[in-house]
Amino acid sequence: MANDDSRQYLLSSMNDSLNLKETKANPTRIRSHPRSKRPPEKVAEGQEKQHPFINLEPVLVPREFRFEYVLMLLGAYLGIGTLWFFIIEDQISGTKTNGIVDAIYFCVVTMTTVGYGDLVPHSSLAKMLACMYAFIGAALVGLILSNAADYIAEKQGNLLIKALHTNEESNSTEVLMDMETNKVTYKFLTTASLLVVLIIAGIVFLFMVEGMEFVDAIYCVCVTITTLGYGDKSFSTRGGRVFAILWIVSSTVCLAQFFLYLAELYTERRQRALVKWVLTRNLTFRDIEAADMDRDEVVSGSEFILYKLKEMGKISQEDVSMLKERFRALDVDRSGTLTTEDVILS
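If you want the working numbering, it's the 1-based position in the sequence shown plus 23.
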């Protein structure tokens, strides 16, 4: 919402500047299609204008991401792999419990690159299928699960910001601005919390169900979620492997997202520091000269905004040039403004 206000101010400043120059060049020119203004909303006496709390999900969560589509792809990938390795079960050696469970478990351990070594292919066919599955899984499953984790973290962040503003008197604009400003922070905290829950769940399960020593349970969890997979400690029972099928996928992806958001948070803070420096530093004659895009020795509001956006790294000179070309293409009557006449002529 704050970005929309900035864009509106920028566009209005550009139009005002262009209109002023056009008036100086041709004082008799009259705009045939003045900008229409919406009548102000009437508010009844004794009633304050309400600021409804709008739904944040359509704004902050991309609608093109379909969680069902992700599950369908993941299910198809695991289904194909399970069928492969179940058929060649006798060509895989190691500690076995149940044919289908072991096949799914082997697929999960392979695609997450954990590779305990408790189940290994020993024939040429099994080795070639494992290589193919590992390469495809590293690319496909990593991308799918990362997007799924990002989607879940963002939705949880939306719920968090809604909860923080439940008892506060704030309108939708303030909430959206707060969420946009601290979006990475909320996603980082959500992912960190989920990671702690998964680590504790893994340790408790290995200690209580698999019968490992407490230190060995911690060791196995760390080796697994970091995808080291030494192989000296792993899930050996049928129930343990059923738990591992979901837990390994969730924990490894969650850790990857945790480090991703940590790096993004660091980068964002550096960017904020740069923005603060750009906005607070004193202007020089060189800045005025660089900001004067039309070389009329006067810097308008739109020129100042564009210059500062470029200095902050929000926009590049190539972006400005591209937008200028687009404006010229839309300005069919070459009036320096966009009106309904341009729409009709185009």
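All C-beta atoms, glycine included, are put in the ideal place defined by N, C-alpha and C.
Checklist entry - From Met235 to Leu229, what distance separates their C-alpha atoms? => result The residue labelled residue 235 in the question sits at position 212 within the sequence shown. The residue labelled residue 229 in the question sits at position 206 within the sequence shown. One C-alpha to the other measures close to 6 Å.
Next on the checklist: Starting from Val321, trace the beta strand (DSSP E) in both directions and tell me its first and last residue.
Outcome noted: What you label residue 321 is simply residue 298 of the sequence shown in a count that begins at 1. Premise fails: Val321 is in no beta strand (DSSP E) and is neither H nor E.
Next on the checklist: Please return the same chain residues whose Cβ sits closer than 8 Å to the Cβ of Ile311, not counting the five positions on each side in sequence.
Outcome noted: Translated into the one-based positions of the sequence shown, residue 311 becomes position 288. Cβ neighbours of Ile311 beyond the five flanking positions: Val322.
Item to check | Rounded separation between Val219 and Ile226 - CA only | outcome: Along the sequence shown, one-based indexing puts residue 219 at 196. Along the sequence shown, one-based indexing puts residue 226 at 203. Answer to the nearest angstrom: the Cα atoms are 11 Å apart.
Checklist entry - On the three-pair Cβ rule with 8 Å, is the region 295–305 touching the region 328–342? => result yes
Item to check | Own chain partners of His145 with C-beta closer than 6 Å, once the 5 adjacent residues on each side are dropped | outcome: Taking the sequence shown and counting its residues from 1, one reaches residue 145 at position 122. Same-chain partners within the cutoff: Ser116.
Next on the checklist: Excluding the 5 residues flanking Tyr139 on each side, which residues of the same chain have their C-beta closer than 7 Å to its C-beta?
Outcome noted: As a position in the sequence shown, residue 139 is number 116, starting the count at 1. Answer for Tyr139: Val132, Gly252, Gly254, Ser257, listed in chain order.
Checklist entry - What whole-angstrom Cβ distance do Ile247 and Val143 have, given they're in contact under 8 Å? => result Taking the sequence shown and counting its residues from 1, one reaches residue 247 at position 224. Taking the sequence shown and counting its residues from 1, one reaches residue 143 at position 120. Here residue 247 turns out to be Thr, not Ile, going by the sequence shown. Not really, about 17 Å apart at Cβ, beyond 8 Å.
Item to check | Selection from Thr214, Ser369, Lys331 that minimises the alpha carbon distance to Arg349 | outcome: Here the question's residue 349 lines up with position 326 in the sequence shown. It is Ser369 whose Cα lies nearest to the Cα of Arg349.
Next on the checklist: With H, G and I counted as helix, E and B as strand and the rest as coil, what does DSSP make of Leu142?
Outcome noted: If you number the sequence shown from 1, residue 142 lands on position 119. Note: Leu142 maps to strand in three-state DSSP.
Item to check | Beta-bridge partners of Gly117, as assigned by DSSP | outcome: Translated into the one-based positions of the sequence shown, residue 117 becomes position 94. Under DSSP, Gly117 takes part in a beta bridge, and its partners are Leu142.
Checklist entry - So, using beta-carbon positions, are Cys130 and Phe108 closer together than 8 Å? => result Within the sequence shown, the letter at position 107 stands for residue 130. Within the sequence shown, the letter at position 85 stands for residue 108. Yes.
Item to check | Asp342 - containing alpha helix (DSSP H), residue span | outcome: Position 319 of the sequence shown, counted from the start, is the residue given in the question as residue 342. Element bounds for Asp342: 340–353.
Item to check | Own chain residues within Cβ distance below 7 Å of Ala48, not counting five before or after | outcome: Within the sequence shown, residue 48 is the residue found at index 25, counting from 1. Here Ala48 scores only 44 on pLDDT, less than 50, and its place in the model should not be relied on; the value that follows carries that caveat. So no residue of the chain qualifies.
Checklist entry - Can you tell me the Cα-Cα spacing of Lys347 and Arg295, whole angstroms? => result Working through the sequence shown from its first residue, we reach residue 347 at position 324. Working through the sequence shown from its first residue, we reach residue 295 at position 272. Their backbone Cα atoms lie some 28 Å apart in a straight line.
Checklist entry - When you compare only the Cα positions, how much space is there between Asp125 and Ile241? => result Taking the sequence shown and counting its residues from 1, one reaches residue 125 at position 102. Taking the sequence shown and counting its residues from 1, one reaches residue 241 at position 218. Taking the straight line joining both Cα atoms gives about 23 Å.
Item to check | C-alpha distance - Gly263 paired with Leu221, whole-angstrom precision | outcome: Residue numbering aside, residue 263 sits at position 240 when the sequence shown is read from its first letter. Residue numbering aside, residue 221 sits at position 198 when the sequence shown is read from its first letter. Each residue's alpha carbon lies about 15 Å from the other.
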